[in-house]
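First the structure, in the form of structure tokens, and then the observations on it.
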Amino acid sequence: MPRLAAATLVFLSSAAVLVLEILAARLLAPYVGSTLETYTAIIGVILAGIAVGSWLGGKAADAREPRELLAPLLISGGALAFTSVPIIDALGANLRGAGPSTTTILTVLAFFLPAAVLSAVTPAVIKIQLDTLEETGRVVGRLSALSTTGAIVGTFATGFLLVAAFPTRPVVRGTAVLLVLLGVATAIGLGRRRTLTVGGALAVAAAAAFSFAASHPCEYESAYYCAYVVADEDRPGGRALWLDTLRHSYVDLDDPSYLEFTYTQWFGDVIAAIAPDDRPLNTLHLGGAGFTMPRYLRATHPGSTSEVLEVDPLLVELAQDELGLELGDDITVRIGDARQTITEVPERRHDLVIGDAFGGVAVPWHLATAGFIELVEKRVTADGVYAANVIDYGPRGFLRAEVATVAAVFEHVIVLGREGSFAEDAEEGVGGNYVVVASNAPLPLERIRAANRERGRSDDLLAGSQLAAFVGDAEVLTDDHAPVDQLLTPRPRA
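Here the sequence shown stands for residues 156 to 649, where the numbers follow the numbering used here.
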């Protein structure tokens with residue numbers, strides 16, 4: 156086999172493995188979310204596939220003519236890449252919000268075999284290229300380096316280019332097609348046409364048909380989310396925006412002052428308390444999604460300004476096209492990660508900062524640390540308020556840590572939660588949304604309670620010694636140590 160052909164096979168097969176690894180996160184996210192556990196499962200499974208494939212590929216190359224192996228390995232790898240899509244879509248629908256173990260099992264079923272089969276290509280090529288023992292180190296080193304280089308190129312090309320330019324499933328299927336064609340070309344080039352059987356062709360065709368027939372859970376897909384909009388059957392103007400596994404936003408196209416989610420109603424209570432005369436507020440929003448609160452402020456506090464930091468440009472387009480958002484001088488957007496874009500926001504300008512940025516079920520860890528809260532504190536006026544949405548269940552370790560973190564930066568902190576959620580005899584699975592409210596000026600507690608009662612609610616407001624007792628010895632999250640996913644307790648499954 157010519158050196159160039161050997162290098163090409165090793166490079167492309169390794170690149171394909173990393174393409175699948177990067178895309179696995181997007182395929183899995185609509186069903187199990189995009190959390191640290193998801194990425195851990197993917198990395199662990201792919202590494203296991205590479206290890207097993209390299210080992211068994213080397214054994215197979217010693218046991219038989221390695222030239223007979225290459226075409227079947229590449230074609231089989233392509234066929235298995237095709238099946239990763241329908242496996243995830245078929246099984247994932249019943250595993251929404253799954254924990255680490257089921258996420259790992261789903262990843263194994265979808266990606267272990269293609270990673271293992273494609274990783275067997277490199278040892279087979281090495282065996283072909285070894286003419287004498289004197290060249291062992293040079294040949295193994297060169298091809299191992301090419302394999303790693305292919306993996307690096309596959310990683311960067313997918314993460315920086317392919318995900319941004321194309322939907323996930325076409326990229327997976329395109330990779331599968333290229334692998335199959337590469338296998339066919341290899342069989343012809345090595346004079347091993349007899350490895351191209353009718354049965355193999357039928358198996359590849361079946362895998363491809365299985366893949367293209369798979370249901371697609373995404374109405375819209377970006378580099379960050381699988382998104383779809385669902386109309387509310389009980390409210391004509393109601394629209395819910397789903398991102399991956401969660402219903403993230405709700406807007407009423409006919410009534411922007413309507414707040415469906417309890418936590419957005421708590422935001423409304425805070426707004427009513429700090430601006431009881433409906434005076435305009437200069438507000439900074441961390442996360443846009445459906446733009447519920449900017450539209451609410453425009454309707455209820457005329458003259459307000461809303462500056463929104465949103466990482467995903469697709470969500471801005473989606474909010475404009477389907478959720479009634481009209482940008483203007485009063486609602487503006489900065490595209491980019493809030494940790495970076497907040498530094499572009501002038502200091503001491505905003506009366507209110509609303510935090511509602513999520514990656515899956517958790518606030519992204521770098522938006523939960525004291526370092527980020529300090530950046531928020533610099534953006535509010537002397538009596539400005541920070542109100543952040545947090546989701547946690549059970550012992551609520553993340554909520555406690557986040558309150559401790561916010562309290563390390565702001566002088567006054569309270570937490571709003573559903574009625575009874577802080578009671579000593581609360582059920583073990585208690586939890587859901589909470590809103591952490593902070594300011595360097597005393598907070599209008601009674602006005603917040605009054606606004607809550609006026610809506611017919613009797614939600615809990617935790618402050619002072621009661622809040623301190625709830626927080627206990629929870630650690631302050633820092634940029635050096637912010638185990639958000641480990642502290643977070645997901646919603647108990649029924």
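Glycine included, every Cβ here is placed at the ideal spot set by N, Cα and C.
Legend entry - Beta-carbon proximity of R489 to T496, cut-off 7 Å: yes
Inset, instruction - Rounded to whole angstroms, what's the CA-CA distance from L225 to V165? Just pull it up for me. - result: 10 Å
Inset, instruction - Express the C-alpha separation of H371 and T350 in angstroms, rounding to a whole number. - result: 34 Å
Inset, instruction - Could you have a look at V570 and say whether DSSP puts it in helix, strand or coil? - result: strand
Legend entry - Distance CB(T330)-CB(A236) smaller than 7 Å: yes
Inset, instruction - Answer yes or no: does any C-beta atom of chain D fall closer than 7 Å to that of R453? - result: Absent here is chain D; the protein component of the structure consists of one chain.
Inset, instruction - Pull up the CB-CB distance for A428 and A606, whole angstroms please, since I reckon it's below 8 Å. - result: 6 Å
Inset, instruction - Use the C-beta contact count for A422: other C-beta atoms within 10 angstroms, 16 or more gives buried, fewer gives exposed. - result: The identity of residue 422 in the sequence shown is Phe, whereas the question assumes Ala. With 16 or more Cβ atoms within 10 Å of its Cβ, F422 is classed as buried.
Inset, instruction - With DSSP as the reference, label T259 as helix, strand or coil. - result: helix
Legend entry - the region 371 to 382 in contact with the region 542 to 558 per 3-pair CB rule at 8 Å: no
Inset, instruction - Give me the Cβ distance between Y541 and A493, rounded to the nearest whole Å; I'm assuming they're in contact under 8 Å. - result: Not confirmed; about 13 Å, so no contact.
Inset, instruction - Let me know the alpha helix (DSSP H) ranges lying completely inside the region 583 to 635, each 4 residues or longer, listed in chain order. - result: 600 to 609 and 619 to 626
Inset, instruction - Whole angstroms is fine: what's the gap from V631's alpha carbon to I528's? - result: 11 Å
Legend entry - Residue environment, Q420, which counts as buried when at least 16 other CB atoms sit within 10 Å: buried
Inset, instruction - Please work out which residues of its chain come closer than 8 Å, Cβ to Cβ, to R158, disregarding the five sequence neighbours upstream and downstream, and give them in chain order. - result: Q284
Inset, instruction - Give a yes or no on contact between the region 636 to 644 and the region 510 to 525, applying the rule of three or more CB pairs nearer than 8 Å. - result: yes
Inset, instruction - Please report how far the alpha carbon of I242 lies from the alpha carbon of Q621, in whole angstroms. - result: 49 Å
Inset, instruction - Please classify E529: does DSSP put it in a helix, a strand, or coil? - result: helix
Inset, instruction - Report the three-state DSSP secondary structure of S461 (helix, strand or coil). - result: strand
Legend entry - Opening and closing residue of the beta strand (DSSP E) in which S404 lies: L401 to D407
Legend entry - Within 7 Å, strictly: CB atoms of L182 and T310: no
Inset, instruction - Taking the CB atoms as reference points, tell me whether S656 and G208 lie closer together than 7 Å. - result: Outside the displayed span of the chain (156 to 649) sits residue 656, for which this structure offers no information.
Legend entry - Status (buried if at least 16 other CB within 10 Å, exposed otherwise) for S139: No answer is possible for residue 139: it lies beyond the span of the chain, which begins at 156 and ends at 649.
Inset, instruction - Find the nearest neighbour of T277 within the set V295, D286 and T291, judged by alpha-carbon distance. - result: V295
Legend entry - Best match in L617, V425, D387 and L473 for proximity to S576 [C-alpha to C-alpha]: L617
Legend entry - Contact belief for T438 with D484 at Cβ below 8 Å, rounded distance in angstroms: Contact doesn't hold; Cβ gap of about 14 Å is too wide.
Inset, instruction - Determine the contact status of V272 and L333, defining contact as a CB-CB distance below 7 Å. - result: no
Legend entry - Burial state of P457 (16 or more Cβ within 10 Å): exposed
Inset, instruction - Confirm, please, whether the CB-CB distance from A358 to A454 is below 7 Å. - result: no
Inset, instruction - Kindly indicate the opening and closing residues of the beta strand (DSSP E) around T487. - result: I486 to I490
Inset, instruction - Can you tell me which of L436, F266, L482 and A196 puts its alpha carbon nearest to the alpha carbon of S256? - result: A196
Legend entry - Sheet register partners of H456 (DSSP bridge): H456 is not bridged to any residue.
Inset, instruction - Pull up the CB-CB distance for P449 and I426, whole angstroms please, since I reckon it's below 8 Å. - result: The Cβ separation is near 12 Å, so there is no contact.
Inset, instruction - Answer yes or no: do V406 and T447 have a C-beta to C-beta separation smaller than 7 Å? - result: yes
Inset, instruction - Please report the residue range of the beta strand (DSSP E) in which Y541 lies. - result: V535 to Y548
Legend entry - Inter-residue Cα distance where the pair is T341 and G355: 15 Å
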